[in-house]
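Visitor: Here you go, one structure.
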Amino acid sequence: MQPESIPAGSRRTARAILRSFGIGALTLIAGGAGLVIYVAALCPPHRVWQRVHDGRTSVVLDSGYRYATGAEAIFVCTVPHAVGSIVVHEDMGCYCAPAGVSAEALGRSLNGACTVDRLRALRTDETGACRHAHCVDPARPHRTLESRRDR
Amino acid sequence: MPPRVPAATRAAFVASLLIAIGSCTGGHLRLLIGIPVTVAGAVMACVAVRRAREPRDVRSADVICVLLSAMAAVGLISPSPEGPAGYEILYRSLPVAGLVAVGVLAAGDAAWRGRAVWITAGIAIALAAFAPLAVPDPRIDVWDWIQTCARALLHGVHPYTVRAADPMAGVMDFGSTPTVMPYMPLVVAAAAPWVAVLGDCRFELAVCLPITIALLRAAGRRLRVDAWTIDAVTLAWVLHPRATLLVIKAYQEPLLVVVLAVFVFLAARKEDGAGAAIAFFLLPALKQYVVAPVLIEAAFLRRRPAAIAAGVGVAVATIAPFLLWNAAATIDGMLYLMRAPIGFRADSDSLAAFGAQIFGVHPARMLAVVAQLVSGAAAWAALRRQGLGGVLLASALSLIASFLFATQAFFNYYYFVAALLLCAALVFARESAGNAEAAA
């Protein structure tokens with residue numbers, strides 16, 4: 001079909017739709033750039049790894065809303081933070097898992113290395129790397145708590 | 152090119168879109184993008200105040216189309232509803248259809264624009280309608296509480312005397328686990344028939360979307376707003392990136408928005424009528440955070456005490472039966488969120504959370520209340536001569552300030568603010584018929 005045979009209104013609409021998708025793509029690129037900045041400069045689990053690695057602290061986690069239950073142990077794990085297939089850096093975190101799971105098995109499942117911090121964590125714990133029973137879920141370590149119990 | 156719209160409409164519209172985009176940009180992008188964009192929305196709402204006070208001026212609506220496209224793209228990466236694959240596909244198809252619809256809105260003729268808007272709205276309505284079936288157990292305490300308390304009410308048990316199971320089984324702790332339903336009685340009373348008939352209160356929230364669309368479009372026609380702006384408002388509402396998640400998680404804001412749409416529809420005919428007043432005064436009967444807006448509406452109606460009395464009377468009537476039944480339990484529930492030792496939520500979409508993460512400062516809960524009242528008073532002082540649009544814009548500003556300084560504020564809170572701003576945009580576009588159509 002020759003361009004002249006397309007009505008001007010249709011061409012204008014097609015251009016506007018393409019522009020709309022272009023703006024959408026730019027929005028996603030901006031979000032992607034934000035994520036790159038986050039991972040490179042702000043990633044909290046990596047900053048913990050850095051502080052522990054430099055010997056500035058031994059506390060890995062002492063905040064958050066997730067607590068280990070009575071049936072869970074807490075493990076300190078060093079895991080690779082990958083974006084796609086590219087490993088960006090090492091993260092360190094306190095992971096909760098059933099008490100029967102071994103540190104080696106958890107480490108294998110996370111592609112990292114784990115050690116037991118607490119076999120039975122209490123909210124009164126003032127020592128160790130993972131204080132006051134704070135931990136994160138191994139399946140979703142980076143998942144935030146948004147839209148959970150938000151009133 | 153998109154048509155031209157009144158400057159106040161454009162500013163309020165842009166504020167609404169920025170608030171929706173910012174509050175729906177969560178996860179790792181919350182601090183970097185989400186909160187700054189939300190704050191930009193607040194700034195644009197202040198610009199809208201200025202534009203509303205100036206002589207009427209018209210400007211290009213191009214920026215509205217740009218932001219609508221950006222908002223649709225945010226929908227592409229919004230959290231999964233965690234339903235079956237078919238539902239997920241439909242969920243992701245909405246923003247794609249939205250991107251096409253925004254293009255048609257920007258340049259298409261009225262007929263194609265109408266088709267594009269209705270197809271997009273149809274997908275959004277289908278998503279809301281199937282939400283309770285696609286995600287039968289949303290694993291959130293809001294849903295558990297409303298379901299449990301509505302069932303109790305249906306069995307003749309006072310809803311504030313029962314306790315819902317904790318879906319998190321104690322794994323999550325935000326400082327306080329509710330011991331009583333922390334919502335208003337009208338929420339449970341409105342949910343009960345849906346629980347009785349369909350077994351899930353979320354069907355009630357699902358029907359809010361088509362009712363809101365119908366009411367806003369009818370209000371627009373009553374106000375003689377041009378067809379392009381009515382279509383743009385419709386598209387903005389159905390493309391909200393997390394509207395479906397609100398239904399899935401049983402957040403009650405869709406109810407507030409439908410009541411707001413009733414208010415705008417009635418006020419479009421008679422701004423100070425009793426019907427509109429009743430609708431507006433029902434807002435705090437649904438959610439406790441709507442405080443300053445009611446004072447603003449009362450100030451607007453100061454020469455119509457009968458309308459104020461009607462509004463207050465109906466709102467009180469939604470609470471009185473529960474108070475007479477068991478006053479202590481009802482008051483305990485209604486005030487729970489104000490009295491419970493709920494911890495500071497560092498994952499909030501607020502400046503307070505931003506400050507907490509950057510500077511480690513945790514503001515007091517009272518700051519949000521003070522911010523709402525002070526900003527509401529200031530906004531109303533500036534907008535008191537702007538009629539219905541002034542009421543809506545001042546109400547939005549008071550709530551924005553409150554949420555930005557709140558110890559917890561999430562996208563569902565800002566959903567209502569975005570609706571207020573969108574309604575203000577619609578009202579500021581009144582009697583501009585012919586303007587946009589001619590340009591389109």
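From first to last, the protein sequence lines are chains C and Y.
Counting in the working numbering, the final residue of the first sequence is number 151, and the numbers go up one at a time with none missing.
Counting in the working numbering, the final residue of the second sequence is number 591, and the numbers go up one at a time with none missing.
The beta carbon of each residue, even a glycine, is placed where N, CA and C say it ideally should be.
Buried or exposed for Thr115(C), please, with buried defined as at least 16 other CB atoms from any protein chain shown within 10 angstroms of its CB.
Guide: Thr115(C) comes out exposed.
Visitor: Among Phe556(Y), Ile551(Y), Asp382(Y) and Ile228(Y), which one has its Cα closest to the Cα of Ala504(Y)?
Guide: Checked all of Phe556(Y), Ile551(Y), Asp382(Y) and Ile228(Y); the closest Cα to Ala504(Y) is Phe556(Y).
Visitor: For Ala159(Y), report the span of its alpha helix (DSSP H) as first-last.
Guide: Its alpha helix (DSSP H) spans residues Ala158 to Ser174.
Visitor: Whole angstroms is fine: what's the gap from Ala430(Y)'s alpha carbon to Ser10(C)'s?
Guide: Between Ala430(Y) and Ser10(C), the C-alpha separation is close to 44 Å.
Visitor: In chain Y, what lies closer than 9 Å to Ile37(C) by C-beta?
Guide: Simply Leu183.
Visitor: Alpha carbon to alpha carbon, what distance is there between Val568(Y) and Arg204(Y)?
Guide: Using only the alpha carbons, I get a separation of about 21 Å.
Visitor: What are the start and end residues of the beta strand (DSSP E) that includes His81(C)?
Guide: Note, His81(C): beta strand (DSSP E), Glu72 to Val83.
Visitor: Return the residue from the list Pro514(Y), Leu406(Y), Val578(Y) and Thr328(Y) that minimises the CA-CA distance to Thr123(Y).
Guide: With chain Y covering only 152 through 591, there is no way to say anything about residue 123(Y).
Visitor: Just checking: is the beta-carbon of Thr160(Y) within a distance shorter than 8 Å of some beta-carbon in chain C?
Guide: Cβ-Cβ to chain C under 8 Å: no for Thr160(Y).
Visitor: How should Glu355(Y) be labelled, buried or exposed, when 16 other C-beta atoms within 10 angstroms of its C-beta is the threshold for buried?
Guide: Glu355(Y) comes out buried.
Visitor: Give the interface partners of Leu119(C) over in chain Y, defined as CB-CB distance under 9 Å, in chain order.
Guide: By Cβ distance, chain Y contributes nothing, its closest Cβ being about 18 Å from Leu119(C), past 9 Å.
Visitor: Can the beta-carbon of Val592(Y) be found closer than 8 Å to that of Ala275(Y)?
Guide: Within the shown structure, residues of chain Y are numbered from 152 to 591, placing residue 592(Y) beyond reach of any answer.
Visitor: Quick one: grab the DSSP three-state call for Arg402(Y).
Guide: The question names Arg, but residue 402(Y) is Tyr in the sequence shown. DSSP places Tyr402(Y) in coil when its eight states are reduced to three.
Visitor: When DSSP builds the beta bridges, which residues end up paired with Glu90(C)?
Guide: DSSP, once it has assigned bridges, lists Pro80(C) as partnering Glu90(C).
Visitor: On the three-state DSSP scale, how would you describe Met332(Y)?
Guide: DSSP places Met332(Y) in coil when its eight states are reduced to three.
Visitor: Could you tell me which chain C residues have their CB closer than 8 Å to the CB of Leu337(Y), listed as they occur along the chain?
Guide: Near Leu337(Y) there are no residues of chain C at all, since even the closest Cβ is about 16 Å away, more than 8 Å.
Visitor: My output table needs one value for Arg155(Y): the three-state DSSP class, helix, strand or coil.
Guide: Of the three classes helix, strand and coil, the one that applies to Arg155(Y) here is strand, per DSSP.
Visitor: If the criterion is Cβ atoms closer than 8 Å, does the pair Val116(Y) and Phe473(Y) meet it?
Guide: Residue numbering for chain Y in the displayed model covers 152 to 591; residue 116(Y) lies beyond these limits and cannot be assessed.
Visitor: What residue does the beta strand (DSSP E) around Ser211(Y) start on, and which one ends it?
Guide: Counting along the chain, the beta strand (DSSP E) containing Ser211(Y) begins and ends at Val209 to Ser211.
Visitor: Can Lys400(Y) and Pro289(Y) be called in contact, C-beta distance under 8 Å?
Guide: Yes. Within cutoff.
Visitor: Looking at the structure shown, is Arg66(C) part of a helix, part of a strand, or coil, going by DSSP?
Guide: Arg66(C) falls in the strand class under three-state DSSP.
Visitor: How should Phe510(Y) be labelled, buried or exposed, when 16 other C-beta atoms within 10 angstroms of its C-beta is the threshold for buried?
Guide: So Phe510(Y) counts as exposed.
Visitor: With respect to the alpha helix (DSSP H) encompassing Val463(Y), which residues constitute its N-terminal and C-terminal limits?
Guide: Residues Pro456 to Trp476.
Visitor: Just to confirm, are Ala436(Y) and Ile470(Y) a CB contact at a threshold of 8 Å?
Guide: Closer than 8 Å, so yes.
Visitor: Can you name the residues that DSSP bridges to Met323(Y)?
Guide: Answer is Arg66(C).
Visitor: Flag this pair as yes or no: are the beta carbons of Val76(C) and Ala121(C) separated by less than 8 Å?
Guide: No.
Visitor: Please list, in chain order, the residues of the segment 238 to 262 of chain Y that have any C-beta partner in chain C closer than 7 Å.
Guide: Listed in sequence order: Leu250, Val251, Val253, Gly254, Val255, Ala257, Ala258, Gly259 and Asp260.
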